[in-house]
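Visitor:
Residue numbers (the numbering used here): 1 to 334.
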């Protein structure tokens, strides 16, 4: 896919430092060899060096070029623990407890990012989403003006007439079960930033509902309409409209009929769903029945890129997500 090629080319140009906390996980090490060979990022593997090298040798991969850091013995532990205590002092965190937490790579990785020793993180091949996100939210936190972390999927569909050259971005498919109006607005704005950073698209956001521009009256419709208004206040330059039915968002003829004055209707490339239930069902329908390729979830809203893998992920999923994380990291400094 041409877009993924561009993502890889950008990653090769940026050479961001991506930390992988699951340093002994075989798929992660297979992906590490590919990433290093393709020069997609500077990789930091967390774990016991002997164990990491033993697994690499057992599965026959070359990880020379990766930096291996042992969270239990690294010289920065004291510095990181002091930073943790400062951030969490209102919660009563002690230095002793902080040092104990730093034995866990899922805590050590966000502190590397917070201290400027890494640019992004990817984990989740053997850890639950909550375990990946909890330390990240505690220490890296969300970006200014954003209170919610959400997950977007890049959907590569088989018709280039849809979205941006056949790419649509769906959100939130991974994190927030029932977002309120403010949270939906934040999801819309952060998804637009994600799409621009990774795909290079000119975002056109449709706030989905079962109504288009007042065709139905219901509190659920009001929620999407109000979320649209809040998003416009957050980013007056953003092309966003709603509430809008799916066909009005994607099909030009329907968009002209149902929302003739909209610059988004019939041309949307970002779809914001009213809740996790609809979004998760929606992306899987498109993936399974429409034979689209789904890449993600790409976590967004964090102050630095920290992405979560599915525990059923493939080696290529890890490679793709490292490249995407590198693109997100680069976009923070533009």
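Even glycine gets a Cβ: it sits at the ideal position worked out from N, Cα and C.
With a threshold of 8 angstroms, are at least 3 pairs of Cβ atoms found where one atom belongs to the segment 144-155 and the other to the segment 298-316?
Guide: The segment 144-155, when compared against the segment 298-316, does touch it at the 8 angstroms Cβ threshold.
Visitor: Looking only at its chain, what residues have a beta carbon closer than 6 angstroms to the beta carbon of residue 21, apart from the 5 residues adjacent to it on each side?
Guide: The answer, listed in chain order, is 46, 105, 106, 109 and 123.
Visitor: Over what stretch of residues does the beta strand (DSSP E) that includes residue 170 continue unbroken?
Guide: 167-171 is the span of the beta strand (DSSP E), which, as asked, contains residue 170.
Visitor: With a 10 Å radius around its C-beta and 16 neighbouring C-beta atoms as the bar for buried, classify residue 241 as buried or exposed.
Guide: It is buried - the Cβ of residue 241 has at least 16 other Cβ atoms within 10 Å.
Visitor: Indicate the three-state DSSP secondary structure (helix, strand or coil) for residue 32 in the structure shown.
Guide: Helix.
Visitor: Report the partner residues of residue 150 according to the DSSP bridge assignment.
Guide: Partner(s): 300.
Visitor: Could you have a look at residue 175 and say whether DSSP puts it in helix, strand or coil?
Guide: Reduced to three states, the DSSP call for residue 175 is coil.
Visitor: Which full runs of the beta strand (DSSP E) of 3+ residues lie inside the segment 264-308, going along the chain?
Guide: The qualifying runs are 270-272, 293-300 and 306-308.
Visitor: Taking C-beta to C-beta, are residue 223 and residue 184 nearer than 9 angstroms?
Guide: Yes, they are a contact pair.
Visitor: Can you tell me whether residue 76 is helix, strand or coil according to DSSP?
Guide: Reduced to three states, the DSSP call for residue 76 is coil.
Visitor: In this structure, how does DSSP classify residue 210 when only helix, strand and coil are distinguished?
Guide: Residue 210 falls in the coil class under three-state DSSP.
Visitor: Report the three-state DSSP secondary structure of residue 55 (helix, strand or coil).
Guide: It is helical.
Visitor: Taking C-beta to C-beta, are residue 212 and residue 259 nearer than 9 angstroms?
Guide: Result yes, Cβ atoms of residue 212 and residue 259 sit closer than 9 angstroms.
Visitor: How long is the line joining the alpha carbons of residue 257 and residue 210, rounded to whole angstroms?
Guide: For residue 257 and residue 210, the distance between alpha carbons rounds to 16 angstroms.
Visitor: Under the three-state reduction of DSSP, which class applies to residue 216: helix, strand or coil?
Guide: Note: residue 216 maps to coil in three-state DSSP.
Visitor: Considering only the beta carbon of each residue, do residue 250 and residue 266 sit closer than 9 angstroms?
Guide: Yes, they are a contact pair.
Visitor: Got a sec, what are the start and stop residues for the beta strand (DSSP E) residue 237 sits in?
Guide: Per DSSP, residue 237 belongs to no beta strand (DSSP E) and is neither H nor E.
Visitor: Residue 35 and residue 319 look like a contact to me (Cβ under 8 angstroms); what is the Cβ gap, rounded to whole Å?
Guide: Contact flag correct, Cβ pair sits at about 6 angstroms.
Visitor: Please work out which residues of its chain come closer than 7 angstroms, Cβ to Cβ, to residue 321, disregarding the five sequence neighbours upstream and downstream, and give them in chain order.
Guide: If we look at residue 321 and ignore the five residues flanking it on each side, its Cβ neighbours are 122, 307 and 309.
Visitor: So, with DSSP's three-state summary, where would you put residue 205?
Guide: Three-state result, residue 205: strand.
Visitor: Work out the CA separation of residue 6 and residue 331 for me, nearest whole Å.
Guide: Each residue's alpha carbon lies about 14 angstroms from the other.
Visitor: Compare the beta carbon distance of residue 60 and residue 157 with 9 angstroms and say whether it is the shorter of the two.
Guide: Their beta carbons are not under 9 angstroms apart, which means residue 60 does not touch residue 157 by this criterion.
Visitor: Can you list the beta strand (DSSP E) stretches of 3 or more residues lying completely in the segment 66-115, in chain order?
Guide: List check, beta strand (DSSP E) in window: 67-69.
Visitor: DSSP on residue 222, reduced to helix/strand/coil?
Guide: Three-state result, residue 222: helix.
Visitor: Helix, strand or coil for residue 155 per DSSP?
Guide: In this structure, residue 155 counts as strand in the three-state DSSP scheme.
Visitor: Between which two residues does the alpha helix (DSSP H) holding residue 324 run?
Guide: From DSSP, the alpha helix (DSSP H) with residue 324 extends over 315-331.
Visitor: Can you find at least 3 beta carbon pairs, one from the segment 47-54 and one from the segment 14-29, that sit closer than 8 angstroms?
Guide: The segment 47-54, when compared against the segment 14-29, does touch it at the 8 angstroms Cβ threshold.
Visitor: Counting along the chain, where does the beta strand (DSSP E) carrying residue 40 start and finish?
Guide: Premise fails: residue 40 is in no beta strand (DSSP E) and is neither H nor E.
Visitor: On the criterion of 16 or more Cβ atoms from any shown chain inside 10 Å, does residue 179 qualify as buried, or is it exposed?
Guide: Classification for residue 179: buried.
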